[in-house]
Amino acid sequence: MKFANTEALNLFWLIFLIGFFLIWAKKRRKFLLEKYFQKDLLNSLELVDFKLRTVKQILFLLGLALIVVSLARPQWGFKWQRVEAKGLDIVIALDASKSMLAQDLKPTRLERAKLAIEEFVKNLKGDRVGLVVFTSTAFLQSPLTLDYGGFLLSLKKVNTNILPVGGTSLSGAIRESLKALKESPKKSRVIILITDGEDHEGEVVSAAEQARKESTKIFCIGVGSPEGELILVKNEEGKRIFLKDREGKVVKTRLNEELLQKVALITEGAYVRSTPSQFGLGLLYNKKIAKIQKRLLKSKMIKKYEERYQIFLSLSFFLLLAELFISERR
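Position one of the sequence shown corresponds to residue 7 (the working numbering), numbered consecutively onward.
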């Protein structure tokens with residue numbers, strides 16, 4: 007016999023305390039009666055049959071003990087059961103360009119995205135996940151893996167200085183993500199593109215068409231606001247200043263929803279705009295991504311033990327019921 011919930015057995019200490027209290031109360035009562043009444047009168051004055059009371063208390067404690075055993079979920083006997091682990095291959099393409107330093111999402115677009123990705127990955131079960139970081143170039147920061155802890159370590163290292171080249175290339179991000187997915191079954195491929203949608207190369211449509219041909223859906227999360235936001239950066243002296251272009255004009259970054267919606271439409275994915283209250287990763291996964299056909303990762307036979315708590319629960323019920331019907335009056 008084995009127990010599936012061994013922590014419940016700690017409740018036996020409570021039963022021991024109740025038993026100790028009942029014994030103490032019995033001795034205390036006897037002491038007080040003998041203190042104020044003569045011993046030859048006690049038997050005639052006593053209206054309680056202490057033997058029956060002891061039987062009732064024993065039945066009560068046994069009933070409680072059996073309830074504790076049933077809570078511990080005793081198991082014996084088993085049958086073999088096949089368990090299959092299924093999952094998707096998901097590459098998260100994260101924009102690390104300077105525009106992601108805008109603070110229309112607190113503390114910045116990039117830090118808010120990293121927090122959302124961390125929460126998202128911690129809730130994954132069986133899906134492999136990889137990370138592509140991009141500006142005007144893209145590289146694979148973390149290959150597809152089930153080691154979520156290792157993935158999160160790679161995620162923490164991402165910042166806007168991770169790539170020395172400025173600008174943004176959405177097409178480069180998509181193509182690098184497709185490379186990371188080249189060994190994955192086509193029906194189980196997913197790219198999650200997290201960006202403000204700014205693109206300085208103009209080849210994103212052709213990259214999306216390539217993804218569609220390779221049966222890869224792209225789900226876009228737009229970070230930022232269409233109205234635009236200024237970008238705070240640190241200069242060489244460590245002071246925070248607004249980012250300026252080569253002509254000395256202050257740069258204002260805007261969310262390009264139209265482009266991201268087009269990418270999602272081409273690949274039969276979906277688009278969500280991130281908000282301060284809901285980033286959108288969990289929503290996309292639950293509503294769209296989780297419905298995609300998952301590939302079989304592994305299959306194995308496990309022992310499925312039979313639950314036997316019903317036996318102990320039934321016995322406890324009969325003992326407690328019997329205790330109620332036993333009268334202790336003489």
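From the three backbone atoms N, C-alpha and C, an ideal C-beta is built for every residue, glycine too.
* Asked: Counting pairs of Cβ atoms below 8 Å between the region 202–217 and the region 122–129, do you hit three or more?
  -> no
* At 3 residues or longer, and completely inside the region 87–161: list those beta strand (DSSP E) runs for me, N to C. => 95–101, 134–140, 144–151
* Asked: Taking C-alpha atoms, which residue in ASN167, THR174, LEU17 lies nearest to LEU67?
  -> The residue labelled residue 67 in the question sits at position 61 within the sequence shown. When only C-alpha atoms are compared, the closest one is LEU17.
* Asked: What's the C-alpha gap between LEU94 and ILE21?
  -> Taking the first residue of the sequence shown as 1, we reach residue 94 at position 88. Taking the first residue of the sequence shown as 1, we reach residue 21 at position 15. So the alpha carbons of these two residues sit roughly 49 Å apart.
* When burial is assigned at 16 or more other CB atoms within 10 Å of the CB, is GLU264 buried or exposed? -> The residue given as residue 264 occupies position 258 in the sequence shown. Flag for GLU264 reads exposed.
* To do: Measure from the C-beta of LYS185 to each C-beta in chain D and report whether the shortest distance is under 9 Å.
  => Annotation note: the requested chain D is absent from the structure, which comprises a single protein chain.
* Can you name, in chain order, every residue of its own chain whose Cβ lies under 6 Å from the Cβ of SER76, other than the five neighbours on each side? -> Start at 1 with the first residue of the sequence shown, and residue 76 comes out as number 70. Excluding positions up to five away in sequence, the list reads TYR315, PHE318, LEU319.
* Asked: Under a three-way DSSP split, which group does VAL164 fall into?
  -> Taking the first residue of the sequence shown as position 1, residue 164 is located at position 158. Correct three-state label for VAL164: coil.
* Asked: Taking the runs of the alpha helix (DSSP H) that are 4 residues or longer, which of them lie wholly in the region 260–318?
  -> 263–272, 287–293
* Asked: Cα-Cα, which of GLU189, SER190, GLY172, SER221 is closest to GLU207?
  -> Against the sequence shown, residue 207 aligns to sequence position 201. Nearest option by C-alpha distance: GLY172.
* Thinking SER175 and SER142 are a contact (beta carbons under 8 Å), I'd like their distance in whole angstroms, please. => What you label residue 175 is simply residue 169 of the sequence shown in a count that begins at 1. What you label residue 142 is simply residue 136 of the sequence shown in a count that begins at 1. Their Cβ separation, rounded to whole angstroms, is 5 Å, which keeps SER175 and SER142 in contact under 8 Å.
* Take ALA276 and list the residues in its own chain whose beta-carbon comes closer than 7 Å to its own, dropping the five residues that flank it on each side. => Locating residue 276 in the sequence shown gives position 270, where the first residue counts as 1. Excluding residues within five positions, the ones whose Cβ falls inside 7 Å are PHE225, ALA270, LEU290, LYS294.
* To do: Mind checking who GLY228 pairs with in its DSSP beta bridge?
  => Here the question's residue 228 lines up with position 222 in the sequence shown. THR201, ARG279, per the DSSP bridge assignment.
* Let me know if SER333 comes out buried or exposed under the rule of 16 or more other beta-carbons within 10 Å of its beta-carbon. => Your numbering for residue 333 matches position 327 in the sequence shown. The residue in question, SER333, is exposed, as its Cβ has fewer than 16 Cβ neighbours within 10 Å.
* **Spatial distance of GLU274 from TRP82 (CA atoms)** => Within the sequence shown, residue 274 is the residue found at index 268, counting from 1. Within the sequence shown, residue 82 is the residue found at index 76, counting from 1. Cα to Cα, GLU274 sits roughly 50 Å from TRP82.
* Could you give the distance in angstroms between the alpha-carbon of LEU287 and the alpha-carbon of PHE84? -> The sequence position of residue 287 within the sequence shown is 281, counting from 1. The sequence position of residue 84 within the sequence shown is 78, counting from 1. Rounded to whole angstroms, LEU287 to PHE84 spans 40 Å at the Cα level.
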